[in-house]
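Here the structure comes first, spelled out in structure tokens, and everything after it is commentary.
In our numbering, the protein residues as written are 291 to 464.
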């Protein structure tokens, strides 16, 4: 089970300072939703949309300060096979309920063992999360999506396998 983590974070990293949080440093600001560069490390990426507070980075040789919305790149999902079903073609159904708050179900079919990827995108086409990226046996499946930490709005989800690609729209209303 993956998790989406959204919280405001202000922190300091000390490379060589004995007391890294002893002083405050002015943070230069920019807005990600207006073309700012995303900030990332191996686990998290700052994502921005129009209307979010400005975020920024300030650093010296010893300390790096970052502030803003930190969002983990994964989202809470579960995938369950539907028993006694063997489809004859690939299929991606419309999520239900739609619109939803905060959870929805996405049903899809795989006629033969395949590598299946389902990703979530925002209106600008930026990838928000990978909901599924796994090799699945033939069958029908239900994917449970909990988007409680995402902002209200329209998103798209896309299923891609060997020789099949389909997208659908979903609406999160809070």
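All residues carry an ideal CB built from backbone N, CA and C; glycine is no exception.
Note that the coordinates shown come from a computational prediction; the quantities given were computed from them, not determined experimentally.
With 16 other CB atoms within 10 Å as the buried threshold, where does residue 430 fall?
buried
Any idea what DSSP makes of residue 430, helix, strand or coil?
DSSP places residue 430 within a strand segment (E or B) once states are collapsed to three.
Length-filtered (3 minimum) beta strand (DSSP E) runs lying within the stretch 371 to 419:
393 to 400, 404 to 411
Residue 422 bridges to which residues according to DSSP?
408
Could you tell me the alpha carbon to alpha carbon distance between residue 373 and residue 444, rounded to whole angstroms?
31 angstroms
DSSP on residue 464, reduced to helix/strand/coil?
coil
With respect to the beta strand (DSSP E) encompassing residue 443, which residues constitute its N-terminal and C-terminal limits?
443 to 451
Exposure of residue 393, with buried meaning 16 or more beta-carbon neighbours within 10 Å:
exposed
Measuring alpha carbon to alpha carbon, tell me which residue in 418, 409, 395 is nearest residue 439.
418
Per DSSP, which residues does residue 435 bridge with? Please list them.
Beta-bridge pairing links residue 435 to 367, 394.
Can you tell which of 413, 378, 441 has the C-alpha that lies nearest to the C-alpha of residue 390?
441
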